[in-house]
Amino acid sequence: MNLRQGCIGRQESLCMAAIAACSSGLFTFDSSALYSLGNSAYITMLASAAIALIIFALAVNAMAASGHESLWALLRSGLGAFFSRVVALIYVLLLLACAAMLLSRFTLMMVRFVFPGVLEWKLIVYLAPVVFMLAWKGLESIGRTSRLFIWLLLISLLGSLLLAAFNYKTYRLAPYLGDGIKNILGLGIKNALLFFPALLGLLIVARGVHGPKMAKRTGYSAAIAAGLLCSSAQLCLGMTFSYSELSKMHSPMYRLTMNFRSGGYFQRLDKLLFFGWVISSMLAAGYYVYAASFLFAGAFEHNDIRPSVAVFSVLIIVFTMLMHSQAAIWGNIERVISGYGLLLAAIPLLLASLLARLKSPKKNMQEKES
Amino acid sequence: MKRSCSLLRKIAVAGLSLAMLLSSSCISSKSIDEYGYATVIGIDSGKTKAFFVSMLLQRGNGAEEGAESDLCTHVGVESEDLFEAVGLIESSLPFSLNLSRTAAIVFGEDIALNGGVEQLLSASLGMLNIRYYANLVSVRGRAEDFLGGIQSELNPNVAKLQYSFVDYSRRTGLIPSFTLSEFFESTFAHSSDILLPLGEFNPEIKKDSASENGAKDGGRNNSSAETEKEQSEKGEKEKSSQPLQKAADILGSTEYMPGQIKRLGGLQASMLGSGLFHKHRLIGYLNGLHTQVVLIVKGQFEKGRIQLPLPNGRIISVRLSAQSQPKIRLILGETPKATFEIALYANVEHPEIREYSNSDMEILISEFLKKRAEEVFLACQALGSDVFELRNTAVKLFRRTSDWEAFNWEAAFKEVAVAFEIAVYLDYNPSKSSVE
Numbered sequence: 006m007n008l009r010q011g012c013i014g015r016q017e018s019l020c021m022a023a024i025a026a027c028s029s030g031l032f033t034f035d036s037s038a039l040y041s042l043g044n045s046a047y048i049t050m051l052a053s054a055a056i057a058l059i060i061f062a063l064a065v066n067a068m069a070a071s072g073h074e075s076l077w078a079l080l081r082s083g084l085g086a087f088f089s090r091v092v093a094l095i096y097v098l099l100l101l102a103c104a105a106m107l108l109s110r111f112t113l114m115m116v117r118f119v120f121p122g123v124l125e126w127k128l129i130v131y132l133a134p135v136v137f138m139l140a141w142k143g144l145e146s147i148g149r150t151s152r153l154f155i156w157l158l159l160i161s162l163l164g165s166l167l168l169a170a171f172n173y174k175t176y177r178l179a180p181y182l183g184d185g186i187k188n189i190l191g192l193g194i195k196n197a198l199l200f201f202p203a204l205l206g207l208l209i210v211a212r213g214v215h216g217p218k219m220a221k222r223t224g225y226s227a228a229i230a231a232g233l234l235c236s237s238a239q240l241c242l243g244m245t246f247s248y249s250e251l252s253k254m255h256s257p258m259y260r261l262t263m264n265f266r267s268g269g270y271f272q273r274l275d276k277l278l279f280f281g282w283v284i285s286s287m288l289a290a291g292y293y294v295y296a297a298s299f300l301f302a303g304a305f306e307h308n309d310i311r312p313s314v315a316v317f318s319v320l321i322i323v324f325t326m327l328m329h330s331q332a333a334i335w336g337n338i339e340r341v342i343s344g345y346g347l348l349l350a351a352i353p354l355l356l357a358s359l360l361a362r363l364k365s366p367k368k369n370m371q372e373k374e375s
Numbered sequence: 002m003k004r005s006c007s008l009l010r011k012i013a014v015a016g017l018s019l020a021m022l023l024s025s026s027c028i029s030s031k032s033i034d035e036y037g038y039a040t041v042i043g044i045d046s047g048k049t050k051a052f053f054v055s056m057l058l059q060r061g062n063g064a065e066e067g068a069e070s071d072l073c074t075h076v077g078v079e080s081e082d083l084f085e086a087v088g089l090i091e092s093s094l095p096f097s098l099n100l101s102r103t104a105a106i107v108f109g110e111d112i113a114l115n116g117g118v119e120q121l122l123s124a125s126l127g128m129l130n131i132r133y134y135a136n137l138v139s140v141r142g143r144a145e146d147f148l149g150g151i152q153s154e155l156n157p158n159v160a161k162l163q164y165s166f167v168d169y170s171r172r173t174g175l176i177p178s179f180t181l182s183e184f185f186e187s188t189f190a191h192s193s194d195i196l197l198p199l200g201e202f203n204p205e206i207k208k209d210s211a212s213e214n215g216a217k218d219g220g221r222n223n224s225s226a227e228t229e230k231e232q233s234e235k236g237e238k239e240k241s242s243q244p245l246q247k248a249a250d251i252l253g254s255t256e257y258m259p260g261q262i263k264r265l266g267g268l269q270a271s272m273l274g275s276g277l278f279h280k281h282r283l284i285g286y287l288n289g290l291h292t293q294v295v296l297i298v299k300g301q302f303e304k305g306r307i308q309l310p311l312p313n314g315r316i317i318s319v320r321l322s323a324q325s326q327p328k329i330r331l332i333l334g335e336t337p338k339a340t341f342e343i344a345l346y347a348n349v350e351h352p353e354i355r356e357y358s359n360s361d362m363e364i365l366i367s368e369f370l371k372k373r374a375e376e377v378f379l380a381c382q383a384l385g386s387d388v389f390e391l392r393n394t395a396v397k398l399f400r401r402t403s404d405w406e407a408f409n410w411e412a413a414f415k416e417v418a419v420a421f422e423i424a425v426y427l428d429y430n431p432s433k434s435s436v437e
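Chains as they are written, first to last, in this note's numbering: chain P, 6 to 375; chain V, 2 to 437.
Laid out in structure tokens, this is it:
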């Protein structure tokens, strides 16, 4: 068996999941959808994190109650051999799409702001091998590297929000509730997919993080931290740009750093902070690729994760190039994901959790004993 | 088997190290002296094309000491937009243009009047790496003249110009500070109308010899330009026949307007007052005092001095500084009503004046500012220019975006009845002598 899982502690797993959730939450949302009807994103992000957390909590509790040590075991138990593999494939594609979205957004930012005029593939060939190496080395490497870089990443994120503070004005957030509570809830449900993959990854590698109970505690902390951080960032973005400006920006976080006060050292900080964010995105993408490979290997009974990692690393490059080429097929995929993504992700998981709980061996044993 | 694995591993490590070394370099690297940095860009209307784009170029990092003609070059070309201008100007330069250090974009009067500001800035300026905090300036006359006028031995490092603008605005309030980022907010968010610092070129101010040399080396690159001899002959004729046309602000005042002040020396270009815009078109000017009043009401005033006329006819200097952010109460409805509550610290810089008590002086200052604020507001309201940013207060009164977008703010603004409550706290001790 060469699944490169090993075992990581609570701090490593928390850093890994939080970095993934924050990176997706801050950099891969669709600006035009999120801001077109006003800016309530600072509330939406909290709602999205909460919804993702609820789905995660139901699944991980089912895992703990039914004695399943990983997501694959839960799916297999709940849905049977065939449907569990179908669902596993959906989750694999979802995780790879999230990894590709991160790569795509950062490549776009680099082409737009750092290396204008450079072809995207020339930048992807720098980012993709790092993602591949992280996933190749396995869970322990990803966890420990995340733990190593967490302070740099926190400083680069919070630093950017603090340095832009001179320009915050509350009127830019108005109307404060966007287009009303209904709109907030709708956006909250759609954007739960920003946080869900990071928690899904924890379910997949639950054995490597000391079991479902530890995965549950880690997941709760990661979702709360990511929700609060992303909500704070959205609040700061909302006080810097009005919703009509934000709806036209594809990289509002980077634009925030370009508004630093003129003169002196701070005006050059945008690229330095960006460097920190690129590291977080590669860690997140590596985590997603590893989780996808692990789930695939488990579902199709491969003893070695390395072929899956290699193939999926190439696949995310293909997805990234598809996104950049704005091919119609990717447009259709994006429409499906944004419209039905959460349903596709949550329903099978919740169904499997319910069925697995009903069939759970622990419960059956307790009944037999009594 | 073990040996071959070990050998393979060594080859892999060596290959990876080599790949990392080969990958660690710049994509299309260029050294700093291969760039000319456009520190100020001027935009005027062109004769054969939409724009005449002029630039002040600085080589290196602009921090070296040396002859001004070596440091700063004035170039220009007619073009349809900034992108074309960059390409055309580079055809005559031994280096590449770099706009990442542009401190200011200066708009000539003709461009500002006919909506050219929005037309030019609606392009994707980020592709030219122009920083979003570059200042925007409007000038009376031609921007290319203004650019020529700021070259001087007094200002060898033109890159510091932006710092000077912002500092002058902060210290005096006689000009506003307005950046490209705020322009985009005004465009995309349809927020308040813009107020740009106003500049002017005064040919009567004697140019120093160093900047004359600089002008010779740079010069214009206008495709339809007259020869230099024709221009100087024409200039002499115009100078003798026509005095400099006085600018008046929207309230008819010609005091504290750029180019109107009798001075000796300094730059030929000066900045004072502001250009008032409505929907990105220039509609009038505000003089220095009225600009201060607008900034006080908007909460963008830090400190500055006003000349206060006393009832006995004497004019005294009063230093003002902001105490807190102004509060605005806005009621929408049949008759919209806005009340601005402003608090200022004041210091009368004439301790020998003893005939007024503290409270009398506070009332004088408060009434003076209140009257000016009302005049300026009514004049701006008549022109439809919401330069006081009431719109930003109105939007907070709505709960839903769809309700706000259905509301006609422009029509409501014209009906707003305004009141100003200006509280002045005087730091004025009549027992002080002018010796202390």
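For every residue, glycine included, the Cβ atom is placed at its ideal position computed from N, Cα and C.
**Report entry** Where P:G30 falls: helix, strand or coil (DSSP)
**Finding:** The count along the first sequence starts at 1 and reaches residue 30 of chain P at position 25. Assigned with DSSP and collapsed to three states, P:G30 falls in helix.
Query raised in the report: Assuming P:I56 and P:A227 make a contact with CB atoms under 8 angstroms, what is their CB distance in whole Å?
Result: Counting from one through the first sequence, the residue named residue 56 of chain P turns up at place 51. Counting from one through the first sequence, the residue named residue 227 of chain P turns up at place 222. Going by Cβ atoms, the distance from P:I56 to P:A227 rounds to 15 angstroms, so no, they are not a contact pair.
Query raised in the report: If you follow the beta strand (DSSP E) that V:E342 is part of, which residue opens it and which one closes it?
Result: Working through the second sequence from its first residue, we reach residue 342 of chain V at position 341. Segment K338 to V349, the beta strand (DSSP E) holding V:E342.
Query raised in the report: Near V:S241, which residues of its chain fall below 8 angstroms by C-beta distance, leaving aside the five closest residues on each side in sequence?
Result: Working through the second sequence from its first residue, we reach residue 241 of chain V at position 240. Note that V:S241 has pLDDT 40, beneath the 50 cutoff, so the model's placement of it is unreliable and the number below is only indicative. Answer for V:S241: no residue qualifies.
Requested in this report: Name the residue from V:F278, V:H351 and V:N99 whose alpha carbon lies nearest to the alpha carbon of V:T40.
Outcome: Locating residue 40 of chain V in the second sequence gives position 39, where the first residue counts as 1. Looking at the Cα atoms, V:N99 is the closest of the given residues.
Report task. For chain P, find out if any of its Cβ atoms is closer than 8 angstroms to the Cβ of V:F185; answer yes or no. Result -> As a first step, residue 185 of chain V is located in the second sequence; it is residue number 184 there, counting from the start. For V:F185, the closest Cβ of chain P is nearer than 8 angstroms.
Query - DSSP state of V:G385 mapped onto helix, strand, coil - result: To locate residue 385 of chain V, count along the second sequence from 1; it is residue 384. In the structure shown, V:G385 sits in coil (DSSP, three-state: anything other than H, G, I, E or B).
Query raised in the report: So which residues of chain V does P:N337 contact, with C-beta pairs closer than 9 angstroms?
Result: Your numbering for residue 337 of chain P matches position 332 in the first sequence. Those within 9 angstroms of P:N337 in chain V number zero; the least Cβ separation is about 28 angstroms.
Query - DSSP bridge partner residues for V:V420 (one or two, in chain order) - result: Against the second sequence, residue 420 of chain V aligns to sequence position 419. A small fix is needed here, since residue 420 of chain V is Ala in this sequence, not Val. Its beta-bridge partners are V:T340.
Query - Contact belief for V:F202 with V:A249 at Cβ below 8 angstroms, rounded distance in angstroms - result: By 1-based counting over the second sequence, the position of residue 202 of chain V is 201. By 1-based counting over the second sequence, the position of residue 249 of chain V is 248. The beta-carbon separation of V:F202 and V:A249, rounded to 18 angstroms, does not stay under the 8 angstroms limit for a contact.
Query raised in the report: What residues of chain V sit near P:G183, judged by a beta carbon separation below 8 angstroms?
Result: Here residue 183 of chain P refers to the residue found at position 178 when the first sequence is read from its first residue. Under the 8 angstroms cutoff, chain V gives R401 and T402.
Query raised in the report: Distance, Cα to Cα, V:A20 vs P:L233?
Result: In the second sequence, counting from the first residue as 1, residue 20 of chain V sits at position 19. In the first sequence, counting from the first residue as 1, residue 233 of chain P sits at position 228. A straight-line Cα-Cα distance of about 41 angstroms links V:A20 and P:L233.
Query - Reduced DSSP secondary structure (H/G/I, E/B, other) of V:G267 - result: Your numbering for residue 267 of chain V matches position 266 in the second sequence. V:G267 falls in the coil class under three-state DSSP.
Query - C-beta atoms of P:L139 and P:T49 nearer than 8 angstroms - result: Here residue 139 of chain P refers to the residue found at position 134 of the first sequence. Here residue 49 of chain P refers to the residue found at position 44 of the first sequence. No.
Query raised in the report: For P:C20 versus P:S151, is the C-beta spacing smaller than 8 angstroms?
Result: Working through the first sequence from its first residue, we reach residue 20 of chain P at position 15. Working through the first sequence from its first residue, we reach residue 151 of chain P at position 146. It is a contact, given that the beta carbons lie within the stated cut-off.
Query raised in the report: How about V:I176 and V:L162: do their beta carbons lie closer than 8 angstroms?
Result: One-based indexing of the second sequence puts residue 176 of chain V at position 175. One-based indexing of the second sequence puts residue 162 of chain V at position 161. Cβ atoms of V:I176 and V:L162: not closer than 8 angstroms.
Query raised in the report: Short check: CB of P:S247 to CB of P:M114, under 8 angstroms?
Result: Residue mapping note: residue 247 of chain P aligns to position 242 of the first sequence, counting from 1. Residue mapping note: residue 114 of chain P aligns to position 109 of the first sequence, counting from 1. P:M114 is positioned such that its CB atom lies no closer than 8 angstroms to that of P:S247.
**Report entry** Classification of P:E17 by the beta-carbon crowding that lies within 10 angstroms, buried from 16 upward
**Finding:** Locating residue 17 of chain P in the first sequence gives position 12, where the first residue counts as 1. Buried: at least 16 other Cβ atoms inside 10 Å.
Query raised in the report: What residue does the alpha helix (DSSP H) around P:M6 start on, and which one ends it?
Result: To locate residue 6 of chain P, count along the first sequence from 1; it is residue 1. Careful: P:M6 lies outside any alpha helix (DSSP H) and carries neither H nor E.
Query raised in the report: Can the beta-carbon of V:S178 be found less than 8 angstroms from the beta-carbon of V:S170?
Result: The residue you call residue 178 of chain V lines up with position 177 of the second sequence. The residue you call residue 170 of chain V lines up with position 169 of the second sequence. Against a cut-off of 8 angstroms, the Cβ pair of V:S170 and V:S178 comes out as a contact.
Query raised in the report: What does a CB cutoff of less than 8 angstroms around P:G149 pick up in its chain, not counting 5 residues either side in sequence?
Result: Taking the first residue of the first sequence as 1, we reach residue 149 of chain P at position 144. One point to set straight first is that residue 149 of chain P is Arg, not Gly, in the sequence displayed. Cβ within range, chain order: I13 and E17.
Query raised in the report: So is P:L80 buried or exposed if we call it buried at 16+ other beta carbons inside 10 Å?
Result: Counted from its first residue, the first sequence places residue 80 of chain P at position 75. So P:L80 ends up on the buried side.
Query raised in the report: Using 8 angstroms as the limit for Cβ to Cβ distance, is V:V41 near chain P?
Result: The residue labelled residue 41 of chain V in the question sits at position 40 within the second sequence. V:V41 is outside the set of residues whose beta carbon lies under 8 angstroms from a beta carbon in chain P.
Report task. Can you give me the Cβ contacts of P:L359 inside the same chain, cut-off strictly under 8 angstroms, excluding the 5 residues immediately before and after it? Result -> Here residue 359 of chain P is taken as the residue at index 354 of the first sequence, counted from 1. The residues A67 and G83, in chain order, have a CB closer than 8 angstroms to that of P:L359 in the same chain once the five nearest residues on each side in sequence are set aside.
Query raised in the report: Would the beta-carbon of V:P259 fall within 8 angstroms of that of V:R141?
Result: Residue 259 of chain V sits at position 258 when you count from the first residue of the second sequence. Residue 141 of chain V sits at position 140 when you count from the first residue of the second sequence. Taking 8 angstroms as the Cβ cut-off, V:P259 and V:R141 qualify as a contacting pair.
Query raised in the report: Quick one, which residues of the stretch 131 to 155 of chain V are near chain P if we go by CB-CB under 8 angstroms, in chain order?
Result: Of all residues in the stretch 131 to 155 of chain V, R132, Y133 and Y134 have a Cβ within less than 8 angstroms of some Cβ in chain P.
Query - Neighbour flag for V:R10 against chain P, beta carbons, 8 angstroms - result: Numbered from 1 along the second sequence, position 9 holds the residue referred to as residue 10 of chain V. Residue-level contact by beta carbon fails for V:R10 and chain P, as no gap is shorter than 8 angstroms.
Query - For V:A105: DSSP bridge partner residues - result: Counted from its first residue, the second sequence places residue 105 of chain V at position 104. Bridge partners of V:A105: V:V41 and V:N136.
Requested in this report: Indicate the three-state DSSP secondary structure (helix, strand or coil) for V:F408 in the structure shown.
Outcome: Residue numbering aside, residue 408 of chain V sits at position 407 when the second sequence is read from its first letter. If DSSP states are grouped into helix, strand and coil, V:F408 belongs with coil.
Query raised in the report: What first and last residue would you give for the beta strand (DSSP E) that runs through V:Y286?
Result: In the second sequence, counting from the first residue as 1, residue 286 of chain V sits at position 285. First-last of the beta strand (DSSP E) with V:Y286: R282 to L287.
Query raised in the report: Under three-state DSSP, which class holds V:A124?
Result: Position 123 of the second sequence, counting from 1, holds the residue named residue 124 of chain V. V:A124 falls in the coil class under three-state DSSP.
Query raised in the report: What residues are listed by DSSP as bridge partners for V:P310?
Result: On the second sequence, residue 310 of chain V is found 309 positions in, with the first residue counted as 1. Within the DSSP bridge table, the entry for V:P310 names V:I316 as partners.
Requested in this report: Using 10 angstroms around the beta-carbon of V:C6, count the other beta-carbons present and answer buried if the total reaches 16, otherwise exposed.
Outcome: Counted from its first residue, the second sequence places residue 6 of chain V at position 5. It counts as exposed.
Query - DSSP-derived helix/strand/coil call for V:N203 - result: Residue 203 of chain V sits at position 202 when you count from the first residue of the second sequence. In the three-state reduction of the DSSP assignment, V:N203 falls in the coil class, being assigned neither a helical nor a strand state.
**Report entry** Nearest-angstrom Cα separation, counted from P:S343 out to P:T223
**Finding:** Locating residue 223 of chain P in the first sequence gives position 218, counting from the first residue. Locating residue 343 of chain P in the first sequence gives position 338, counting from the first residue. If I take the Cα positions, the gap works out to 27 angstroms.
Report task. Have a look at V:G67 and V:Y36 and give me their C-alpha separation to the nearest angstrom. Result -> Locating residue 67 of chain V in the second sequence gives position 66, counting from the first residue. Locating residue 36 of chain V in the second sequence gives position 35, counting from the first residue. The predicted position of V:G67 is uncertain, since its pLDDT is 48 and thus under 50; a value taken from the coordinates is nonetheless stated next. V:G67 and V:Y36 have their C-alpha atoms spaced approximately 18 angstroms apart.
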